[in-house]
Structures are given as structure tokens and as C-alpha cells.
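Numbering (UniProt numbering), first residue to last: 1 to 484.
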């Protein structure tokens with residue numbers, strides 16, 4: 001059984017569908033055919049039984065006496081005729097099973113215990129219908145009933161005797177055999193047709209799956225993610241949904257690959273600048289040592305300071321790239337309920353160290369969010385760093401947290417309206433900021449972190465100059481357990 005099941009599972013899906021359809025149709029046709037055969041058989045036997053009952057009638061007392069007087073098992077040995085037509089077996093039996101055959105009987109029926117029981121209990125008026133055979137072995141249907149004698153007072157039971165009237169079943173059996181053969185033939189044609197129809201339906205229904213398979217094999221072979229499977233707009237079946245899902249998946253993969261390629265290209269471009277500068281400065285220092293002509297102390301300090309700044313910039317760029325390339329699944333276990341006001345205060349302390357010449361005002365109210373603590377603090381630090389970087393010397397940076405809305409306002413030169421749509425793009429830097437330190441990834445990290453926490457971030461011009469960065473974060477249902 002298990003081997004047959006494994007062999008069935010190894011067949012192509014079309015063959016399996018065709019076999020399943022054929023098996024289902026075969027089962028249904030077989031059930032219908034068997035039911036039909038038994039119904040027809042029951043109707044035919046019922047008709048024979050009705051005819052046997054209708055053929056039973058009282059027999060004249062003289063005929064019975066003459067028949068019993070010259071009793072013989074050979075039909076036609078007397079001139080006595082029994083009830084029924086010449087197509088029946090007609091005979092009388094006694095309680096001992098002895099048989100007397102009427103002249104109009106077509107043969108002699110073998111007497112069974114059922115028949116003698118009727119003769120023995122004739123006075124009770126019971127009769128039976130059963131199958132038997134004649135002396136030649138042919139099948140017959142037998143009605144055994146008490147022997148009735150016609151008299152002026154009405155039919156009377158002749159004690160100790162029974163009348164057997166039987167009808168041959170040869171024609172009935174032939175009809176049933178012909179019917180069985182016909183049903184078998186029709187069933188076979190139906191099963192074969194069902195299998196062929198199932199195979200055709202399977203081929204037609206699985207044609208989109210074939211296209212999907214070809215598309216997947218093509219993608220696996222060529223890595224061409226531009227392949228799309230045509231789908232009818234109004235189709236909502238499973239194949240159409242699968243095709244739409246595949247198209248959506250390949251489009252997402254293509255977009256992801258394009259973003260990766262763009263990230264690699266942009267990262268390579270951004271890394272090339274500090275690396276080139278580092279290489280140049282290090283070559284100058286190395287050449288001065290090799291030639292024995294040391295650089296002036298001021299120039300040497302300036303070169304070392306430049307190398308240190310470029311190393312810091314390079315480390316920050318690599319850290320930003322690692323943050324952006326971190327998969328979404330790695331942050332699930334780090335997400336927790338945090339006090340946003342504490343995160344903002346910590347970021348403010350770091351921002352004040354970076355811009356000691358600026359005035360940073362803060363109005364922070366309690367608010368709790370579900371976020372990754374380190375990532376959220378880094379995002380807020382990036383927002384504050386931007387405000388510090390672009391604020392004029394002696395300027396003011398205003399920070400406010402109220403009802404889950406964090407605003408950071410600076411009084412710098414601002415961002416032109418045509419550049420605002422690009423401020424959160426990776427590696428994008430406005431022309432006026434390219435001379436300043438930075439990788440162009442800070443706001444991208446801010447946008448990603450805020451979106452992962454279910455919030456949104458915007459950057460808009462302030463009415464009287466400068467920019468306003470706004471972060472909106474949904475509140476957590478309860479504060480952290482360690483906080484009141």
C-alpha cells in the first residue's frame with residue numbers, strides 16, 4: 001500500500017488529477033450501476049411473483065383425486081390440467097414430499113423443505129415464494145401455497161397437500177446478464193471518458209502553473225527578475241492569485257536588487273572620497289619620512305588631524321551602512337517599551353557636547369513607545385546633529401516633546417523646496433552641505449527607525465527661517481514595569 005502511494009505521489013500532477021477524477025467517476029458509476037441492477041432485478045422478481053399469485057386458483061376435487069390416483073413425476077402422464085398457463089410448472093406435493101405433476105406443467109420442480117413445510121401446515125393457510133431449480137437444473141421462481149379445492153361452498157383447503165406453481169427464470173437471468181454487460185460497458189466508457197476529460201481539464205487548469213514554472217526556471221537560470229506572468233484583471237481564482245503573488249514577489253525582488261546595487265554604488269562612491277584623501281595624506285607623510293625631509297610641524301599636525309577626521313568619518317559611514325543593511329528580523333527581540341523622554345534627554349546631552357556654542361532649549365513631557373532603545377536614540381541624535389550642524393554660531397535649537405510628537409527647530413539656512421523630497425534618500429546631500437562632515441545616511445536611518453516603530457518623520461521649513469523636524473510616534477499601552 002505504501003509503495004503504491006509513493007508511486008502515485010511520484011506521478012506528475014496532471015496524471016494524479018486524471019487518475020483521481022477517473023477513480024471518482026468509476027466509484028460513482030459503479031454505485032449507480034449496482035443500484036440500478038438490483039432495482040431492475042427486484043422489479044422483475046416482483047413482476048414474476050405477482051404473476052404467480054395471479055395464476056393460483058382452486059382446483060376441481062375430481063381433478064385432484066384423478067391426479068393423486070394416477071400420480072406420476074412425468075408431466076403429461078394424465079389428462080388433468082392444473083391452474084396457470086402452459087408456461088408454468090404446476091404440481092401437487094404432499095406432506096412427505098411426493099410430487100404429482102399436472103398435464104399442462106412445463107416440467108417438474110425439485111421439492112425443498114420449504115415446500116413440504118407448507119404442505120404440512122396447509123391448514124394454517126401459509127404460502128412462500130423462493131428460488132429453486134427444476135429437475136434439469138434450470139432456475140425457477142416457486143410459489144408454494146396450500147392446495148385449494150373448488151366447491152359450491154367456496155374454496156377449501158385440501159389437508160396435507162400444497163400446490164407448487166413455478167415460473168422459469170432463464171429469460172429473467174438473461175435480461176439481468178445483458179443489463180449487467182451493458183452497465184459494465186457504459187461504466188467503462190464513462191471511466192475512460194472521465195479520465196480523458198480529467199486529463200484535459202488538468203492540462204487546461206494547470207497551464208498557468210506551467211507558465212509560472214517556466215518563469216521560475218527562467219529566473220533561476222538567468223536571474224532576470226523582469227519576468228511577469230499575464231493575469232486577467234477580473235480573475236480571482238487560486239491560479240490568478242498565485243500569479244499575482246509571483247509577479248509581486250519578482251517586482252519586490254527586482255526593486256530590492258536595484259536598491260542593493262544603488263546602495264553598493266553610492267557606498268562605493270562615498271567610501272572612495274575619504275579613502276582617497278586618507279591615501280593622499282598617508283603618502284605625503286610616508287614620502288617625507290622616506291626622503292628625509294620632514295614636513296613642517298604645523299603641516300604635519302594638520303595632516304594627522306585630517307587623517308583622524310577622515311578615519312572618524314569613514315567609521316561613521318561604515319556604521320551607518322551596517323545599520324541600514326541590518327535585516328528587519330534582527331530587531332524583533334530588541335523592541336521594548338521605552339521612556340521616550342529619557343531617550344531625548346540622553347540625545348540632548350550628546351548634542352550639547354557637539355555644539356557648546358549653541359543654545360539648546362528643551363521642553364520634554366513623558367511619553368512611552370515601543371521601539372529599539374539604541375536605534376531610537378541614534379535616530380534622535382541624528383536629528384539633533386543636523387540641527388547643530390546647520391545652526392549659525394550662537395544660534396538656538398528648540399526641542400519639544402508633547403503627546404508623542406517630537407519637534408526639533410533650528411535657525412539655519414534651511415533646505416530649498418525642490419530638495420525637500422530627497423532629504424530622506426540614502427547618500428543624498430544638498431549642494432550646500434557637501435563640504436560639511438557627514439555620510440548622507442543620517443536622515444535615512446531616522447526615517448527607517450521611526451517607520452519601524454510605527455511612526456512618521458517630516459522635515460518642513462519654519463515660517464521665519466530654519467527647518468523643523470517632526471517625529472510622531474504612537475504611544476505604548478503601558479509604561480515599562482520598572483517605571484511608575
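By construction, the Cβ of each residue, glycine as well, lies at the ideal position given by its N, Cα and C atoms.
Review point. Excluding the five sequence neighbours on either side, which residues of its own chain have a C-beta within less than 8 Å of the C-beta of residue 449, listed in chain order?
Key: The answer, listed in chain order, is 371, 372, 375, 376, 378, 379.
Practice item. Note down the Cα distance separating residue 185 from residue 154, rounded to an integer number of angstroms. Key: Looking at the two C-alpha atoms, the distance is approximately 54 Å.
**Study point:** Where the alpha helix (DSSP H) through residue 354 begins and ends
**Key:** Segment 340–354, the alpha helix (DSSP H) holding residue 354.
Review point. Whose C-alpha, out of 128, 107, 123, 106, is nearest the C-alpha of residue 113?
Key: Answer by Cα proximity: 128.
Practice item. Check residue 463 in the structure and name its three-state DSSP category. Key: Three-state result, residue 463: coil.
Practice item. Along the beta strand (DSSP E) that carries residue 157, what are the first and last residues, could you check? Key: DSSP places residue 157 inside the beta strand (DSSP E), whose first and last residues are 156–168.
Review point. Excluding sequence positions up to five away, which residues of its chain have a Cβ less than 6 Å from the Cβ of residue 48?
Key: So the qualifying residues of the chain are 141, 167.
**Study point:** DSSP-derived helix/strand/coil call for residue 398
**Key:** Strand, per DSSP.
Practice item. Indicate whether residue 116 and residue 93 have their beta-carbon atoms separated by less than 8 Å. Key: Closer than 8 Å, so yes.
Review point. Using 8 Å as the Cβ pair cut-off and three pairs as the minimum, do the stretch 398–416 and the stretch 460–472 touch?
Key: Yes, the stretch 398–416 is in contact with the stretch 460–472.
Exercise for review: Look up residue 143 in the DSSP assignment and say whether it is helix, strand or coil.
Suggested key: Look at residue 143 here: in three-state DSSP terms it is strand.
Exercise for review: Could you pull out every unbroken alpha helix (DSSP H) segment of at least 4 residues lying fully inside the UniProt domain "HAMP" (203–258), listed in chain order?
Suggested key: Qualifying alpha helix (DSSP H) stretches, in chain order: 207–222.
**Study point:** Local conformation of residue 42 per DSSP, three classes
**Key:** In the three-state reduction of the DSSP assignment, residue 42 falls in the helix class, which pools H, G and I.
Point to revise | Where residue 91 falls, given that 16 or more other Cβ within 10 Å makes a residue buried | key: It is buried - the Cβ of residue 91 has at least 16 other Cβ atoms within 10 Å.
Check your understanding: Cβ atoms of residue 399 and residue 388: under 8 Å apart, would you say?
Key -> No, Cβ-Cβ distance for residue 388 and residue 399 is not below 8 Å.
Review point. What residue range is occupied by the uninterrupted beta strand (DSSP E) comprising residue 295?
Key: No residue range can be given for residue 295, since it is assigned to no beta strand (DSSP E) and is classified by DSSP as neither H nor E.
Review point. Between residue 247 and the rest of its own chain, which residues show a CB-CB distance below 8 Å, the 5 nearest in sequence each way excluded?
Key: Excluding residues within five positions, the ones whose Cβ falls inside 8 Å are 228, 229, 231.
Review point. Where does residue 132 fall in DSSP's three states?
Key: Correct three-state label for residue 132: strand.
Point to revise | DSSP beta-bridge partners of residue 471 | key: DSSP lists 406, 457 as partners of residue 471.
Review point. Does the separation of the CB atoms of residue 119 and residue 162 fall below 8 Å?
Key: Taking a C-beta distance under 8 Å as the contact criterion, residue 119 and residue 162 qualify as a contact pair.
Exercise for review: Quick one: give me the first and last residue of the beta strand (DSSP E) that residue 364 is part of.
Suggested key: Start and end: 359–364.
Check your understanding: Can you tell me the Cα-Cα spacing of residue 107 and residue 183, whole angstroms?
Key -> Straight-line Cα distance between these residues: approximately 34 Å.
Point to revise | Assigned secondary structure, residue 99 (DSSP; H/G/I helix, E/B strand, else coil) | key: DSSP places residue 99 within a strand segment (E or B) once states are collapsed to three.
Review point. Between which two residues does the beta strand (DSSP E) containing residue 371 stretch?
Key: Note, residue 371: beta strand (DSSP E), 368–371.
Check your understanding: Alpha carbon to alpha carbon, how far is residue 453 from residue 369?
Key -> Between residue 453 and residue 369, the C-alpha separation is close to 8 Å.
Exercise for review: Select from 362, 87, 125, 67 the residue whose C-alpha is nearest the C-alpha of residue 101.
Suggested key: Looking at the Cα atoms, 67 is the closest of the given residues.
Practice item. Taking residue 455 and residue 473 to be in contact with their CB atoms under 8 Å, please state how far apart those CB atoms are, rounded to whole angstroms. Key: Right, their Cβ atoms sit about 4 Å apart.
Point to revise | 8 Å contact criterion, which residue 226 and residue 254 should meet: CB distance rounded | key: A Cβ-Cβ distance of about 7 Å is found for the pair residue 226 and residue 254, placing them in contact under the 8 Å criterion.
**Study point:** Assigned secondary structure, residue 510 (DSSP; H/G/I helix, E/B strand, else coil)
**Key:** Nothing can be reported for residue 510: it is not among the residues displayed for the chain, which extend from 1 to 484.
**Study point:** DSSP beta-bridge partners of residue 60
**Key:** Paired residue(s): 150.
Practice item. Please report how far the alpha carbon of residue 122 lies from the alpha carbon of residue 96, in whole angstroms. Key: Those two C-alpha atoms are separated by around 13 Å.
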